[in-house]
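S.K.: These protein sequence lines map, in sequence, to chains A and B.
At position 88 of the first sequence (counting the first as 1) the number is 88 in the UniProt record's numbering, and the numbers step up by one without a gap.
At position 193 of the second sequence (counting the first as 1) the number is 193 in the UniProt record's numbering, and the numbers step up by one without a gap.
The structure's right below; bear with me while I get my questions together.
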Amino acid sequence: MTPPLIEARQISKRFGALTALNAVDLTIRSGEVLALLGDNGAGKSTFIKVLSGAHPASDGEILVDGRPVHFASPQDAAEAGIATIFQELALSENLSIAENVFLGREMTRNVLGVPFLKRRAMKRQVTGLLDELDAHISDPEAPVGSLSGGQRQAVAICRALNLDARLVIMDEPTAALAVAETRKVLQLVRRLADSGRAVILISHNMHDVFEVADRIAVFRRGRKIAERERRATDPEEIVSFITGAHPDVRALEMQS
Amino acid sequence: MSSRTSLTLPILAGLWILIVAGLAILQPSAMALSTVTTVLQFSTLLALVSLGQAMVILGGGAGIDLSVGGTVSLVAIIAMLLDTAGVPSFLLPVVCLVAGTLLGLVNGILVTRLRLLPLIATLGTFYVYSGTALAITGGSAIGGAPAYLLPWGRGTLAGFPLPFVTLVLPLFVLAVLLLRYTAWGRWIYAFGFNERSARLVGIPVDRARFIAYGFSGLMAGLAALVSLAWLGSARPNIGQNLELTSLTAVMLGGVAIFGGRGGLVGVLAAVLLLVTLQTGLLQLNVNTIWQVGIIGALLILVLLVDNIRMIRRTA
Numbered sequence: 001m002t003p004p005l006i007e008a009r010q011i012s013k014r015f016g017a018l019t020a021l022n023a024v025d026l027t028i029r030s031g032e033v034l035a036l037l038g039d040n041g042a043g044k045s046t047f048i049k050v051l052s053g054a055h056p057a058s059d060g061e062i063l064v065d066g067r068p069v070h071f072a073s074p075q076d077a078a079e080a081g082i083a084t085i086f087q088e089l090a091l092s093e094n095l096s097i098a099e100n101v102f103l104g105r106e107m108t109r110n111v112l113g114v115p116f117l118k119r120r121a122m123k124r125q126v127t128g129l130l131d132e133l134d135a136h137i138s139d140p141e142a143p144v145g146s147l148s149g150g151q152r153q154a155v156a157i158c159r160a161l162n163l164d165a166r167l168v169i170m171d172e173p174t175a176a177l178a179v180a181e182t183r184k185v186l187q188l189v190r191r192l193a194d195s196g197r198a199v200i201l202i203s204h205n206m207h208d209v210f211e212v213a214d215r216i217a218v219f220r221r222g223r224k225i226a227e228r229e230r231r232a233t234d235p236e237e238i239v240s241f242i243t244g245a246h247p248d249v250r251a252l253e254m255q256s
Numbered sequence: 001m002s003s004r005t006s007l008t009l010p011i012l013a014g015l016w017i018l019i020v021a022g023l024a025i026l027q028p029s030a031m032a033l034s035t036v037t038t039v040l041q042f043s044t045l046l047a048l049v050s051l052g053q054a055m056v057i058l059g060g061g062a063g064i065d066l067s068v069g070g071t072v073s074l075v076a077i078i079a080m081l082l083d084t085a086g087v088p089s090f091l092l093p094v095v096c097l098v099a100g101t102l103l104g105l106v107n108g109i110l111v112t113r114l115r116l117l118p119l120i121a122t123l124g125t126f127y128v129y130s131g132t133a134l135a136i137t138g139g140s141a142i143g144g145a146p147a148y149l150l151p152w153g154r155g156t157l158a159g160f161p162l163p164f165v166t167l168v169l170p171l172f173v174l175a176v177l178l179l180r181y182t183a184w185g186r187w188i189y190a191f192g193f194n195e196r197s198a199r200l201v202g203i204p205v206d207r208a209r210f211i212a213y214g215f216s217g218l219m220a221g222l223a224a225l226v227s228l229a230w231l232g233s234a235r236p237n238i239g240q241n242l243e244l245t246s247l248t249a250v251m252l253g254g255v256a257i258f259g260g261r262g263g264l265v266g267v268l269a270a271v272l273l274l275v276t277l278q279t280g281l282l283q284l285n286v287n288t289i290w291q292v293g294i295i296g297a298l299l300i301l302v303l304l305v306d307n308i309r310m311i312r313r314t315a
């Protein structure tokens with residue numbers, strides 16, 4: 001059997017005396033959407049920061065395609081095919097869609113050592129990506145500042161696709177969106193997974209999670225306390241895990 | 001960004017026509033080729049310094065270079081001192097460029113390595129540079145600039161001063177190309193506007209800003225060279241007020257003070273407008289104190305018009 005795309009083994013993260021992550025095991029396979037749920041401070045964000053190279057883990061190891069890797073920076077993670085879309089999206093509103101998608105890794109033609117932009121080639125590629133996502137954005141030269149929240153998510157996803165990302169991590173992609181926009185972004189998430197990529201989705205919205213996720217992992221106080229196939233669970237059970245009302249959680253927390 | 005510059009240019013052009021028309025009515029004798037030459041001669045220094053200033057401000061992070069005037073003065077003095085001390089005259093242009101760049105890079109270190117606020121760092125170096133220039137010379141000019149420089153510094157081509165034709169125009173064209181058509185240009189706009197996102201995609205923001213301050217120093221060094229070639233002597237106060245007038249030109253030209261927005265064509269237009277206005281007022285024998293006030297009022301007016309437009313658009 002082929003190894004999973006990403007395997008996190010016994011990942012711990014301590015900030016001084018505070019243990020933000022405690023021996024978390026998690027695997028992610030290509031083509032699936034994994035939702036991370038949990039209260040604020042449960043460790044979800046810390047976990048994705050470790051995966052995306054923003055924080056080094058204090059303990060444990062990460063395997064990509066079964067091989068251990070070390071990420072010193074988000075660029076390292078990007079090289080390994082892990083792209084993170086942060087909540088604030090990190091787009092430059094004064095630049096166009098195409099410029100944002102290619103920011104920092106522009107297609108260029110070197111003239112005397114000066115990297116001149118290949119505008120037409122970049123525009124063509126971004127048009128292709130937007131079509132692939134069915135994002136309904138007609139002009140890749142439009143400034144990002146003129147786009148809606150959902151369209152900006154689409155641009156951020158385009159950027160991840162353009163990196164040939166095999167794992168796309170999305171932090172609360174629908175938090176600030178209207179209903180119709182949320183629909184659209186969830187469709188984008190599904191399409192990413194159907195195209196053979198893996199997606200990790202952080203969300204507080206149970207409805208969104210049950211609509212799009214294949215598997216659900218619940219974090220609580222720095223531990224992964226539960227992992228369920230979506231088909232084998234329901235929102236009530238997940239909520240009881242998050243709040244700590246579930247008998248399993250109680251038993252676990254009595255021990256420690 | 002483009003929508004902002006597109007209205008800046010018509011406004012500046014309109015004001016310029018207004019000024020020229022006013023001057024033509026009040027002082028018809030000023031309508032001569034020699035006035036054009038004078039305006040462009042004075043514009044050369046300001047245009048060079050403003051180009052550097054614009055790059056620093058476009059790069060954001062509260063970027064500003066208040067030391068440009070002091071740099072111009074100090075570079076001119078250093079170059080002439082070395083020249084009289086026996087350094088071969090043909091090296092004088094090189095001395096100007098190197099000294100200017102180094103003084104600019106000091107700002108770059110203060111801002112990007114030592115994390116000083118640019119306003120404070122460059123205010124400090126402004127005092128150090130301009131103070132040193134005055135202290136070394138005791139306030140008097142150093143004459144005797146190499147004779148080979150003068151034909152270039154004072155020469156004209158069809159009424160256009162040679163330094164303007166050979167330095168200002170090519171440098172602005174190159175800088176516009178750089179900003180519009182290269183990856184580096186996109187990066188400047190990106191981190192000038194949203195530093196965090198630029199860092200996340202791996203753009204070397206600090207190195208780029210360090211270079212921007214060095215470039216501003218280089219432009220100030222060039223301005224010092226032009227002043228030597230034009231006046232034939234190094235004046236310890238030649239850069240006086242250039243920091244404020246260059247800031248005025250950059251903002252009047254449509255560059256946002258917070259960075260990431262605006263273009264260089266507007267800056268050059270604003271330089272020409274400012275110098276035309278100053279020259280016009282001079283021709284009309286308006287007191288220099290009033291001139292400064294009028295320029296200040298102009299700056300506030302143009303920024304107000306721009307603000308009203310921005311508010312309308314967002315409303």
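Using N, Cα and C, we set each Cβ at its ideal position, and we do this for glycine too.
(1) Please list, in chain order, all residues of the same chain as isoleucine 203 of chain B whose beta carbon is under 8 Å from its beta carbon, the five residues on each side excluded.
(2) Applying the criterion that 16 or more other CB atoms from any shown protein chain within 10 Å of the CB defines a buried residue, is glycine 14 of chain B buried or exposed?
(3) Once the 5 residues before and after leucine 179 of chain B are set aside, which same chain residues still bring their CB inside 6 Å of it?
(4) Looking at the secondary structure, which residues open and close the beta strand (DSSP E) in which leucine 192 of chain A lies?
(5) Mind checking which residues open and close the beta strand (DSSP E) that includes valine 87 of chain B?
(6) Let's see if you can read the secondary structure: which residues bound the alpha helix (DSSP H) around alanine 212 of chain B?
(7) With 8 Å as the limit, tell me which residues of the segment 254–266 of chain B have their beta carbon closer than that to any beta carbon of chain A; keep them in chain order.
(8) Helix or strand or just coil, what does DSSP make of arginine 250 of chain A?
(9) Return the residues of the segment 102–123 of chain A that lie within a Cβ-Cβ distance of less than 7 Å from chain B, sorted by chain order.
(10) Chain B beta carbons: is any one of them nearer than 9 Å to that of asparagine 205 of chain A?
(11) Just how far apart, CA to CA, sit alanine 72 of chain A and glycine 63 of chain B?
(12) Go ahead and pull the three-state DSSP assignment for glycine 16 of chain A.
(13) Tell whether a beta-carbon distance below 9 Å holds between valine 185 of chain A and methionine 206 of chain A.
(14) Between the C-alpha atoms of arginine 209 of chain B and glycine 108 of chain B, what's the straight-line distance to the nearest angstrom?
(15) Any beta carbon from chain A within less than 9 Å of leucine 178 of chain B's own beta carbon?
(16) Going along chain B in order, which residues have a C-beta closer than 8 Å to the C-beta of residue 264 of chain A?
(17) With burial defined as no fewer than 16 other Cβ atoms inside 10 Å of the residue's Cβ, what is the status of tyrosine 148 of chain B: buried or exposed?
(18) Would you kindly work out how many angstroms separate the C-alpha atoms of proline 93 of chain B and alanine 297 of chain B, rounded to a whole number?
(19) What's the gap between the Cα of glutamate 93 of chain A and the Cα of valine 201 of chain B?
(20) Would you say glutamine 87 of chain A and alanine 165 of chain A are within 9 Å of each other, going by their C-beta atoms?
(21) CB-CB under 6 Å to aspartate 131 of chain A, same chain, minus the five flanking residues each way: which ones, in chain order?
(22) Which residue wins for smallest C-alpha separation from alanine 183 of chain B, given the options A:Arg14, A:Leu95 and A:Ala23?
(23) Determine the burial state of glutamate 253 of chain A: buried for a count of at least 16 other Cβ atoms within 10 Å of its Cβ, exposed for fewer.
(24) According to the neighbour-count rule (16 or more other Cβ atoms, all chains shown, within 10 Å of its Cβ), is serine 34 of chain B buried or exposed?
(25) Cα-Cα, which of B:Val72, B:Ala24, B:Leu66 and B:Thr156 is closest to leucine 45 of chain B?
(26) To the nearest angstrom, how far is it from the Cα of glycine 254 of chain B to the Cα of valine 176 of chain B?
(27) Helix, strand or coil, according to DSSP, for lysine 118 of chain A in the structure here?
(28) For glutamate 99 of chain A, which residues in chain B fall below 9 Å Cβ to Cβ?
(29) Check distances from the C-beta atoms of the segment 55–85 of chain A to those of chain B and list, in chain order, the residues that come in under 7 Å.
(30) With a threshold of 9 Å between beta-carbons, can leucine 147 of chain A be considered close to chain B, or not?
(31) Apart from the five residues just before and just after leucine 167 of chain B, which ones in its own chain have a Cβ nearer than 8 Å to its Cβ?
(32) Using a C-beta to C-beta distance shorter than 7 Å, which residues of chain B count as neighbours of leucine 95 of chain A?
(33) Going by DSSP in three states, aspartate 171 of chain A sits in which element: helix, strand or coil?
(34) Please return the same chain residues whose Cβ sits closer than 8 Å to the Cβ of serine 12 of chain A, not counting the five positions on each side in sequence.
(35) Helix or strand or just coil, what does DSSP make of glutamine 10 of chain A?
(36) Taking DSSP as the reference, what is the three-state secondary structure of glutamate 229 of chain A?
M.R.: In this structure, then:
(1) Trp187, Ala190 and Phe191
(2) exposed
(3) Gly185
(4) Element bounds for leucine 192 of chain A: not the beta strand (DSSP E) but the alpha helix (DSSP H), 179–194.
(5) Valine 87 of chain B -> no beta strand (DSSP E), and no H or E assigned at all.
(6) 205–231
(7) Gly260 and Arg261
(8) helix
(9) Leu103, Gly104, Glu106, Thr108, Val114, Pro115, Phe116 and Leu117
(10) no
(11) 29 Å
(12) coil
(13) no
(14) 7 Å
(15) yes
(16) Past the edges of chain A, shown from 1 to 256, lies residue 264 of chain A, and the structure says nothing about it.
(17) exposed
(18) 37 Å
(19) 15 Å
(20) no
(21) none
(22) A:Leu95
(23) exposed
(24) exposed
(25) B:Val72
(26) 14 Å
(27) coil
(28) Arg186, Tyr189 and Ala190
(29) Pro74 and Gln75
(30) no
(31) Thr44, Leu48, Leu222 and Val226
(32) Arg186, Tyr189 and Ala190
(33) strand
(34) Thr19, Leu21, Asn22, Ala23, Val24, Ala57, Ser58, Asp59 and Gly60
(35) strand
(36) strand
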